[in-house]
Structures are given as structure tokens and as C-alpha cells.
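In the numbering used here, the protein residues as written are 128 to 471.
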Amino acid sequence: MQVAGSQAGKAVRPAAARTLRRAPSWGRVLATTFRLWSSRQLPRLRRARSALLLAVCVLVVGAGALAAVRLTSTSSRAARVSSSAGPHRPQVRPSASTAVVSAAAAVRSQAAAWIAGQVSSAQTIGCDPAMCTTLRGQGVAAGRLVPLEPTASSMAGATMIVASPSALTQLSHEAPVLLASFGSGASLLEVRYAAPGGSAAYQRALQSDLAARRSGGAQLLHSRRIEVSAEGAGQLEAGQVDARLQILLTLLASQHSWRVLAFGDASPGVPLTEAPFRQAVIASADSRGAAADLAAALALVRAQGAPYQPAQVTTVRLPDGQTGLRIDFAAPTPLGLLTGGATG
């Protein structure tokens, strides 16, 4: 029995030894364990990874869209700024000095246009170099211009002068009559006239002429051959109509009946009592003989000599379709025509 047990033990020990020698290593066990765990977890990890990748893609696409919107908005704003400023032109605000220079140039142009269109061609005009250049640009003949230095103390033979009040300080005694003014402040320009006899004599003649214009206007309103609107009647009674117009209307009414549609051509910046209306628009009161009346009036007006020769007489189309006559006299208005003591 002991022999058998001993033999059995010997038989078992080699088998156990063989069994122990065949057992896997810890590395293989760990590898096997990881492989089994991975086989069970891999589908779940794949699903999680797919979801993660999808979220990342959504975030990337959203960020790209937001960047595109911002870029488009920035480009649009830049395009609007660029288009409003002009191509390749930066916005530059004009300085105060530039604005003053531009305003002064605009006022010079207004004054020059008025002189070219309203002042008698017999007048010679004193002006500084810039004003003289502007007047030539408006068609005033160079022979009528008398260039004056800013410090000039004499009008050098000019009958009128156009300058700022500060420049006229030394010449006010020679040019006391204000014919027109343009602009304001630093850009103010005045057109002044050298009245015969000086300022005091001119003021006396002006007051006498105003009284005569009021009287003549009232008499004209009593004519049965002159029809005047309520506004025109008030202007005649106030002495606001040039004496030359009153005399010419009286002459025209001696031949035909007329409607006075409007008075005009007021001098800017000067009261009408000092610089009255020098323009009238009239039409025949007889529609049947309007053409013949108009032709006769044109011939009569054009036959007048100074000082009753208008600067311009033209036919105009009226709102009712009839043809009218526009009569314009030049500045300055001579005084004393209605009293027999004409001056100017």
C-alpha cells in the first residue's frame, strides 16, 4: 500500500508539475482580460465616439457659419462706408477757414451776378482783385472795372464800389448810397454808389423823390386805362415803384389800356422806399387787340431815350396763355424825374 501510494504520489507530482508549467503568464492573462473587456465595450465606445465626432462636426460647422456672417456684415459695412465716401477717397471734414473762404466766394458770385444783370452799363465799378475777377467771369467788361487796393482811400474815378463794410470805411464819404447787400457777417458785401453832391444832398433828394413817387403812384391809380392788383396798388401808393416805370406806364396808357400784373426787381438788403421796384410785367386789357397793342407798345418803349430807355424789354408768356411785356430798368434809380430836378 505504501508502495502504491508512493507511486501514485510520484505520478501526481509530475502531472502537477506539468500542469503548473503549462499555466499562462500574467501578461497573457492581462492581455486576454483586456481583449475580453474590449470585445464587450467596443460597440459602446464606437457609438460614443460617433456621437462625439458628430458633436465636434456640428460645432465646427456652426463656428464657420458664424464667422462667415460676421465677415459678410463687416464687408457690408465697409462697402457702405466706402460707397458713401467715394472710391478711394477718405472722408475729410472741411476746416473752418475753408468754409469761410467758400462762403465768401459764393457771396462774391451773387453780387457779381446782380451787378451784371441789374446795374447800368454806364457805371464804372471799383473792386478788389478777387471781386474784379468774379465780375469779369459774369460778363462785366474789363473796361468798366477799377481795381482798388484794400487800403485805398479813393474810388479812383469809379462811380460805384463793391466791397466789405470794413474795406469801405475810408470810402464811405465817397459812396454813401447803398444799392444792394449780399451775405452776412465776415462774408458781407455791399454795393455802394457815389452820389453827386455827397450824402446830405442825396438824402434830401431821396426824400423829395419818395414823396413824388407816392403822389405819382396815386395819380396813376386814377387812370381808367391802367388796371392794377390790390398788391400793386399798395406798392404804388407807398412810393415803392421807380419813377421811370411810372412815367412809362403813363405814356403807354395814353395809347391803349393795360393790366399791370406785377412789379419786381427789388434790390437785396435795401428798403423799397430807397431802392424801388424797377420792373413791371403788363398785358393788354383788350384781348381782341392784344397783338396790335403789344406791337405798338414795343415800338414806343424802344424809341425812348435816356433816362427812360429800359435796360431790357421782352415779351413773356403769361399763365393764361396771353403774351405780356416785361420792362426792366437798370440800377441805380435816378432821383428827381417827377419833380424836374433829376440827379444820378
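We treat Cβ as the ideally placed atom computed from N, Cα and C, and that holds for glycine. Computed from a prediction, not measured in an experiment: that's the story for all the values here.
* DSSP state of Thr-225 mapped onto helix, strand, coil -> helix
* Asked: Going by alpha carbons, who is nearest to Ile-454 out of Leu-465, Gly-416, Ala-410, Ala-365?
  -> Ala-410
* **Alpha-carbon to alpha-carbon, Ala-407 and Leu-262** => 27 Å
* Asked: By DSSP, does Glu-516 sit in helix, in strand, or in coil?
  -> What the structure shows of the chain is the stretch from 128 to 471, and residue 516 is not part of that stretch, so it cannot be assessed.
* Asked: Between which two residues does the alpha helix (DSSP H) carrying Ala-418 extend?
  -> 417-429
* Asked: With burial defined as no fewer than 16 other Cβ atoms inside 10 Å of the residue's Cβ, what is the status of Gln-245: buried or exposed?
  -> buried
* **Simplified DSSP assignment, three categories, for Gln-382** => coil
* Asked: Given Leu-372, which residues of its chain have a CB within under 6 Å of its CB, disregarding the five upstream and five downstream residues?
  -> Ala-407
* Exposure of Thr-225, with buried meaning 16 or more beta-carbon neighbours within 10 Å -> exposed
* Expressed to the nearest angstrom, what Euclidean distance is found between the alpha-carbon atoms of Trp-82 and Ala-249? -> The structure shown does not extend to residue 82, since the chain is modelled only from 128 to 471, so the question has no answer here.
* Under the three-state DSSP convention, the category Arg-204 falls into -> Any reading at Arg-204 must be qualified, since the residue scores a pLDDT of 48, below 50, and its modelled position is unreliable; no value is offered.
* Could you give the distance in angstroms between the alpha-carbon of Gly-391 and the alpha-carbon of Gly-467? -> 25 Å
* To do: Closer than 6 Å by C-beta to Pro-434: which residues in its own chain qualify, once you throw out the five before and the five after it? Chain order, please.
  => Pro-461
* Three-state secondary structure assigned by DSSP to Phe-456 -> coil
* With a 10 Å radius around its C-beta and 16 neighbouring C-beta atoms as the bar for buried, classify Gln-362 as buried or exposed. => buried
* **Residues near Asp-413 by beta carbon distance below 8 Å, same chain, minus five either side** => His-383, Ser-384, Asp-420
* To do: Report the rounded CA-to-CA distance for Gly-416 versus Leu-375, giving the unit in angstroms.
  => 20 Å
* Given a cut-off of 8 Å, decide if Ile-288 and Ala-269 are closer than it, judged by their beta-carbon atoms. => no
* To do: May I ask you to report which of helix, strand or coil DSSP gives Gln-406?
  => strand
* DSSP bridge partner residues for Pro-274 (one or two, in chain order) -> Cys-254
* To do: May I ask you to report which of helix, strand or coil DSSP gives Ala-240?
  => helix
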